[in-house]
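Just below is one structure, and these are the notes that go with it.
Protein chains: 2
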Amino acid sequence: MKNTIHVERAIKRITQADLAEAVGVSRQTINALEASKYVPSVVLALKIARYFDKPVEAIFELEKED
Amino acid sequence: MKNTIHVERAIKRITQADLAEAVGVSRQTINALEASKYVPSVVLALKIARYFDKPVEAIFELEKED
DNA sequence: CTTAAATGTAAAGTTTGCTTTACATTTGAA
DNA sequence: TTCAAATGTAAAGCAAACTTTACATTTAAG
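Protein sequence lines correspond, in order, to chains V and R.
Here my numbering is used: the first residue of the first sequence is 1, the next is one more, and so on.
Here my numbering is used: the first residue of the second sequence is 67, the next is one more, and so on.
Put into structure tokens, the structure is as follows:
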């Protein structure tokens with residue numbers, strides 16, 4: 001599983017803390033997601049995708065090992 | 067969080083066990099998802115969506131309480 | 001350079017996804 | 001009606017998501 005949260009965030013010029021607050025999780029959760037330290041729930045993925053106004057698939061991509 | 071796995075499965079006329087095997091989880095996991103007993107990871111959601119050839123958003127929908 | 005904001009990281013704790021085993025109930029085809 | 005397949009459900013256990021607190025490092029603006 002890889003994601004482009006870092007990129008989307010750069011485009012919108014938003015901090016990890018901003019995104020965290022917008023989707024209702026802790027800043028560390030966003031940081032860990034960007035570092036691929038774990039896989040989010042589909043609820044969180046949907047909220048992040050909705051925030052960036054893109055489909056889930058545009059931000060979260062399956063890899064072979066998934 | 068609600069999902070339409072049951073419906074998609076009915077359209078394709080597949081059993082819970084078939085879907086489970088196709089996406090690499092146990093049959094009980096699919097059963098529990100259909101019963102909304104829990105929220106899947108985005109990896110599992112992506113696999114299910116891909117299996118049904120639809121976007122994640124077409125199968126998994128956020129509700130107010132999410 | 002200095003300082004504040006942003007990011008990285010870590011540890012301990014709680015909750016929840018998902019598994020396995022096991023059994024009961026429902027459904028559908030012969 | 002009978003028998004098998006499909007579904008529902010439950011409990012115990014493990015792994016992973018996510019939280020809070022706390023601190024160190026990097027980045028950027030003045």
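No residue lacks a Cβ here, since even glycine has one placed at the ideal position from N, Cα and C.
It should be emphasised that the depicted structure is a prediction, and the values quoted were computed from it without experimental measurement.
**Report entry** Residue of Glu127/R, Ala124/R, Glu129/R, Tyr117/R minimising C-alpha distance to Lys78/R
**Finding:** Tyr117/R
Query raised in the report: What does Ala88/R touch in chain V if you count any residue whose Cβ is under 9 Å from its own?
Result: Those within 9 Å of Ala88/R in chain V number zero; the least Cβ separation is about 14 Å.
Requested in this report: From the DSSP output, read off the bridge partner residues of Ser36/V.
Outcome: DSSP output for Ser36/V lists no bridge partner at all.
Requested in this report: Report yes if the CB atom of Glu123/R is closer than 9 Å to the CB atom of Leu46/V, and no otherwise.
Outcome: yes
Requested in this report: Look up Glu127/R in the DSSP assignment and give the residues it is bridged to.
Outcome: Lys68/R
Query raised in the report: Does any C-beta atom of chain R lie closer than 9 Å to the C-beta of Lys64/V?
Result: no
Query - Boundaries of the alpha helix (DSSP H) in which Val23/V is found, first to last residue - result: 16-23
Query raised in the report: Just how far apart, CA to CA, sit Ser133/R and Ala83/R?
Result: Within the shown structure, residues of chain R are numbered from 67 to 132, placing residue 133/R beyond reach of any answer.
Report task. Would you tell me roughly how many angstroms separate the C-alpha atoms of Glu74/R and Ile96/R, rounded to the nearest one? Result -> 12 Å
Query raised in the report: By the 10 Å Cβ neighbour count, where 16 or more other Cβ atoms means buried, how is Ala10/V classified, buried or exposed?
Result: exposed
**Report entry** Range covered by the alpha helix (DSSP H) that runs through Phe52/V
**Finding:** 42-52
Report task. Scan the region 82-108 of chain R for residues whose Cβ lies nearer than 7 Å to a Cβ of chain V and list them as they occur along the chain. Result -> Val105, Pro106, Ser107, Val108
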